[in-house]
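Okay, so the sequence shown: first residue is 0 according to numbering that gives the first Met the number 0, each after it adds one. For glycine and all other residues, C-beta sits at the position ideal for the given N, C-alpha and C.
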Amino acid sequence: MTSPPSTDAVTPSTGIQWCRNRLLVPGSSLSLTLPYAESELQDPILALRTVITEIASVPDEVSDPDVARRKLDWWRRGLEEQLPHPAITALLETGAYQALQLADFQRLITAVSFAIDPPRFERLEEWVSHCLALSAPSAMLEARLVENLSDSSVPRDKNTDQALSELAAASYQIRSVRDLVLDARHGRWWLPLELQAEFQLNQVAVASSDPGDGLKSLIAHCMSTILSQHQLALNKISGNQAWCHRHQMLSAALDHRLGQSIQRNPEKITKQRVLPTGILASVQLWRTARSLSRNQSV
Numbered sequence: 000m001t002s003p004p005s006t007d008a009v010t011p012s013t014g015i016q017w018c019r020n021r022l023l024v025p026g027s028s029l030s031l032t033l034p035y036a037e038s039e040l041q042d043p044i045l046a047l048r049t050v051i052t053e054i055a056s057v058p059d060e061v062s063d064p065d066v067a068r069r070k071l072d073w074w075r076r077g078l079e080e081q082l083p084h085p086a087i088t089a090l091l092e093t094g095a096y097q098a099l100q101l102a103d104f105q106r107l108i109t110a111v112s113f114a115i116d117p118p119r120f121e122r123l124e125e126w127v128s129h130c131l132a133l134s135a136p137s138a139m140l141e142a143r144l145v146e147n148l149s150d151s152s153v154p155r156d157k158n159t160d161q162a163l164s165e166l167a168a169a170s171y172q173i174r175s176v177r178d179l180v181l182d183a184r185h186g187r188w189w190l191p192l193e194l195q196a197e198f199q200l201n202q203v204a205v206a207s208s209d210p211g212d213g214l215k216s217l218i219a220h221c222m223s224t225i226l227s228q229h230q231l232a233l234n235k236i237s238g239n240q241a242w243c244h245r246h247q248m249l250s251a252a253l254d255h256r257l258g259q260s261i262q263r264n265p266e267k268i269t270k271q272r273v274l275p276t277g278i279l280a281s282v283q284l285w286r287t288a289r290s291l292s293r294n295q296s297v
């Protein structure tokens, strides 16, 4: 049997604390958004987000594709058989595991497996579809968790599901553009050929210490398109649905702010990994949460 992912020693009572130590760190956007979720949902969402992070990080953390596939296979079995892992322990102790279907986790693992050997994209539309396939399972897991554990009586809505999936995909694209230079320097490269040709860029040029004006133009172009898609998805979710899924809405609001910041100053991403946190981000979250609360029907 494949060994489980390496973790510190864990007992049934420490699973959720392990998740807090893992994700609620300085600079984490989850530290800002989680307090806005219903109090009884905060630990289940944290446990779920930790499992998603552990699974989604496999392709980036493991260079050998066969080892990465074995780790994902372990997660398939681990979730099905409730094998020892602090994140799985947290799912169980918070009730998140019982509120979700194993099939939804399997869809997530299958989606992540596509990132082990990511395809080369010729056209932008191919990459956008890839982002949707990777992001939608995570969005749907949290949506089902919130609907099944919340005190709210808001019913499941297919249009909201689609909008949440599109929102997650656009957020993924924002973060991918944010990490374009750092990824290129670490051998990860997703930029579609049509954009490389249009802006006269390749992986070597983007990874260089001075990518030049071509990169700035590319980033501004990509962010303009992605932010428009992001806003369209946000606008599709309103009223009670938006309030019910406010944690995802607020996470998306931070990503939107991140995209706007990079759009204004594309050169940022060549120097550091830009984070959507800080005092101004906190203020924006409070205002967005208040707006979502006001727009729900009584």
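Supposed close pair residue i, residue j - CB separation, criterion 8 Å
i	j	result
residue 68	residue 112	7 Å
residue 295	residue 238	6 Å
residue 35	residue 288	5 Å
residue 173	residue 59	Between residue 59 and residue 173 the Cβ distance is about 17 Å, and since that is not below 8 Å, they are no contact.
residue 256	residue 280	6 Å
residue 110	residue 133	5 Å
Simplified DSSP assignment, three categories, for residue i
i	result
residue 234	helix
residue 119	coil
residue 25	coil
residue 80	helix
residue 47	helix
residue 60	helix
residue 154	coil
residue 189	coil
residue 209	coil
residue 276	coil
residue 9	Residue placement at residue 9 cannot be trusted, given a pLDDT of 46 that sits under 50; the coordinates are not used to answer.
residue 283	helix
residue 16	helix
residue 239	helix
residue 70	helix
residue 197	helix
Chain-order list of residues whose beta-carbon lies under 8 Å from that of residue i (same chain, five-residue window excluded)
i	result
residue 272	177, 178 and 181
residue 156	240
6 Å Cβ shell around residue i - same chain, five flanking residues per side excluded
i	result
residue 122	191 and 193
residue 265	215, 218 and 219
residue 164	135 and 138
Beta-carbon proximity list for residue i, same chain, < 7 Å, skipping 5 on both sides
i	result
residue 101	78 and 79
The alpha helix (DSSP H) enclosing residue i, as first and last residue numbers
i	result
residue 113	Residue 113 -> no alpha helix (DSSP H), and no H or E assigned at all.
residue 257	245 to 263
residue 181	179 to 184
State whether the segment 21 to 36 contacts the segment 260 to 280, with contact taken as three or more CB pairs (one from each stretch) at a distance under 8 Å. A contact between stretches requires three or more CB pairs, one per stretch, nearer than 8 Å, and the segment 21 to 36 meets this requirement with the segment 260 to 280.
Assess, as a yes-or-no matter, whether the segment 139 to 159 is touched by the segment 205 to 223 under the definition of 3 or more beta carbon pairs within less than 8 Å. Short answer: they don't touch.
Does the pairing of the segment 241 to 248 with the segment 193 to 204 give three or more beta-carbon distances under 8 Å? Between the segment 241 to 248 and the segment 193 to 204 there are fewer than three C-beta pairs closer than 8 Å, too few to call the two in contact.
For the pair the segment 224 to 231 and the segment 165 to 172, tell me if three or more CB-CB distances fall below 8 Å. Yes: the two stretches touch, three or more of their Cβ pairs being nearer than 8 Å.
Under 8 Å: do the segment 40 to 48 and the segment 113 to 120 share three or more Cβ pairs, one atom per stretch? Touching, no.
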